[in-house]
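Q: Just so we're on the same page, our numbering is the position in the sequence shown counted from 1, plus 6. Backbone N, C-alpha and C fix where the C-beta goes; we use that ideal spot for every residue, glycine too.
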Amino acid sequence: MKGRTQRIGRYLQSMFPPALTLPAAALSFLAGDAALQALGSVGGAPRPLRAGAAELLGALVVWGLQLLLRVYDELKDAETDLRLGAAGDPHYRDRPLVTGEVTVEDIAALRTWTTTALLALQVPIGWLYGAVPVLAFVGVFALCWLSSRWFFWPAMRDHLLVAFATHNPIGLFVGGYVLALVHAAHAGLAFAPAPVLALLCGLWLPVAAWELGRKVRLPAEETDYQTYSKLLGWRLAGTLPALCVLGAALCLGLALRPARPGAWLWACLGIAALVPLGATLRLHLVPSPRATALRPFVEAAGAVLHVGLAVGLAWERGIVLGS
Numbered sequence: 007m008k009g010r011t012q013r014i015g016r017y018l019q020s021m022f023p024p025a026l027t028l029p030a031a032a033l034s035f036l037a038g039d040a041a042l043q044a045l046g047s048v049g050g051a052p053r054p055l056r057a058g059a060a061e062l063l064g065a066l067v068v069w070g071l072q073l074l075l076r077v078y079d080e081l082k083d084a085e086t087d088l089r090l091g092a093a094g095d096p097h098y099r100d101r102p103l104v105t106g107e108v109t110v111e112d113i114a115a116l117r118t119w120t121t122t123a124l125l126a127l128q129v130p131i132g133w134l135y136g137a138v139p140v141l142a143f144v145g146v147f148a149l150c151w152l153s154s155r156w157f158f159w160p161a162m163r164d165h166l167l168v169a170f171a172t173h174n175p176i177g178l179f180v181g182g183y184v185l186a187l188v189h190a191a192h193a194g195l196a197f198a199p200a201p202v203l204a205l206l207c208g209l210w211l212p213v214a215a216w217e218l219g220r221k222v223r224l225p226a227e228e229t230d231y232q233t234y235s236k237l238l239g240w241r242l243a244g245t246l247p248a249l250c251v252l253g254a255a256l257c258l259g260l261a262l263r264p265a266r267p268g269a270w271l272w273a274c275l276g277i278a279a280l281v282p283l284g285a286t287l288r289l290h291l292v293p294s295p296r297a298t299a300l301r302p303f304v305e306a307a308g309a310v311l312h313v314g315l316a317v318g319l320a321w322e323r324g325i326v327l328g329s
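1. Helix, strand or coil: which one does DSSP assign to R101?
2. Tell me where the alpha helix (DSSP H) around A387 begins and ends.
3. In or out: I325 buried (at least 16 other Cβ within 10 Å) or exposed?
4. Alpha carbon to alpha carbon, how far is W240 from L88? Give it in angstroms, no decimals.
5. On the DSSP bridge assignment, give the partners of L327 in chain order.
6. According to the neighbour-count rule (16 or more other Cβ atoms, all chains shown, within 10 Å of its Cβ), is T286 buried or exposed?
7. On a Cα-Cα basis, can you pick out the residue from T120, L258, V313, D230 that is closest to Y98?
8. List, from N- to C-terminal side, the beta strand (DSSP E) runs of 3 residues or more that fit wholly inside the region 175 to 233.
9. Please classify F22: does DSSP put it in a helix, a strand, or coil?
10. If you reduce the DSSP assignment to three classes, tell me which class S34 lands in.
11. Measure the CB-CB distance between L224 and P267 and report whether it falls below 8 Å.
12. With L205 and A273 assumed to form a contact (beta carbons below 8 Å), what rounded beta-carbon distance in angstroms separates them?
13. Identify which residue in W216, A248, T122, A60 has its Cα closest to the Cα of L280.
14. In whole angstroms, what separates the C-alpha of V251 from that of A316?
15. Grab me the residues of G208's own chain with a C-beta within less than 7 Å of its C-beta, minus the 5 sequence neighbours each way, in chain order.
16. Could you compute how far the alpha carbon of L28 sits from the alpha carbon of S20?
17. Indicate whether P130 and L63 have their beta-carbon atoms separated by less than 8 Å.
18. Where does A93 fall in DSSP's three states?
19. List the whole-angstrom C-beta distance separating L81 from S154, where the pair is believed to meet the contact cut-off of C-beta under 8 Å.
20. Grab the span of the alpha helix (DSSP H) containing R241 for me, first residue to last.
21. Buried or exposed: where does W210 fall if 16 or more other Cβ atoms within 10 Å of its Cβ makes it buried?
22. Counting pairs of Cβ atoms below 8 Å between the region 62 to 78 and the region 98 to 108, do you hit three or more?
23. Helix, strand or coil for G136? Go by DSSP, reduced to three states.
24. Specify, as a first and last residue, the run of the alpha helix (DSSP H) that H173 falls within.
25. Determine, using beta carbons only, whether A307 and P282 come nearer to each other than 8 Å.
26. Can you give me the C-alpha to C-alpha distance between G244 and R288, rounded to a whole angstrom?
27. Return the chain-ordered list of same chain residues with a C-beta closer than 7 Å to the C-beta of A339, the five sequence neighbours on each side being excluded.
28. Using only CA atoms, which one of E228, Q232, G314, E217 lies nearest to V304?
29. Does the structure place the region 137 to 150 close enough to the region 161 to 168 that three or more beta carbon pairs sit under 8 Å?
30. Tell me the residue span of the alpha helix (DSSP H) that contains T286.
31. Measuring only the C-alpha atoms, how far is Y135 from A190?
32. Which value, in whole angstroms, describes the spacing of the CA atoms of T86 and G15?
33. Three-state secondary structure (DSSP) at E85?
34. Go ahead and label H290 buried or exposed: buried means 16 or more other beta carbons lie within 10 angstroms of its beta carbon, across all protein chains shown.
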């Protein structure tokens, strides 16, 4: 057991480092939480944001779901990853599963541990906030599980665009879970459907941009691995992440307009949109393997959005702890 725990620890440090992913998941949750609380109090005087156990538990659930999806992808893509790694694909040859640092059985154990922890978190959530957020979690968990089974169509693994259309919107449903928990935890919030839908889309689109941005290569770099650039051409595929982030900025701006935020929001949205746009322009003007690495720029844009929403709304409205 000790050896397995150590191998899983090394795997996490390589593929899902908690020191980075946990704060990122917490900021993602808190950004949605803060924005929903701001929208839910539209119509009266701006209310301070409330922060308590729901924020801690919700952030842990979001992180756990992200880890579970990472583990599911590792297991269902194991055969492909091993084949690509053995063929020398530079994107796969150094992965822990390919190098033998971790085994498929280790990843399966991590799946069990993560599932158990997520289910355990539902006990205090149900006790404190009722059945609605637990049922919302069950729905998201079921979608994650179905994705691990390719929605019972294994041939989907050979159809990247179909896989994207069926798997990536799970992030939108995670936003729905955040909505259910925030609404149950903080009494007195009333939501208009249109701004909430725009908010959820604005928080999900950077997730879509992240997925699109990590599978862009120039023709000379392509291997047997399916990429969006192979299917759509590198110019179009390399432009889509920036368009997704731009769409996210527009959605968030429209969503939060009724809450009357300060100029800080528009500055935050503008900076976030410009970061991947600059990377896309570089790719088009000076195409190179280095320029196809769009994911860091998308991650930076997402961080700007999440930090901006969470910190900006907290600074503007104040925070009441323990409620």
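A: To lay it out plainly:
1. coil
2. For residue 387 there is no data in the structure shown, the boundaries of the chain being 7 and 329.
3. exposed
4. 25 Å
5. A57
6. buried
7. D230
8. none
9. coil
10. helix
11. no
12. The pair is not a contact, with the Cβ atoms about 19 Å apart (cut-off 8 Å).
13. A248
14. 18 Å
15. A254, C257, L258, A261
16. 14 Å
17. yes
18. coil
19. 7 Å
20. 240 to 262
21. buried
22. no
23. coil
24. 166 to 173
25. yes
26. 10 Å
27. Since the first residue shown for the chain is 7 and the last is 329, residue 339 is missing from the structure and cannot be characterised.
28. E217
29. no
30. 269 to 291
31. 6 Å
32. 23 Å
33. helix
34. exposed
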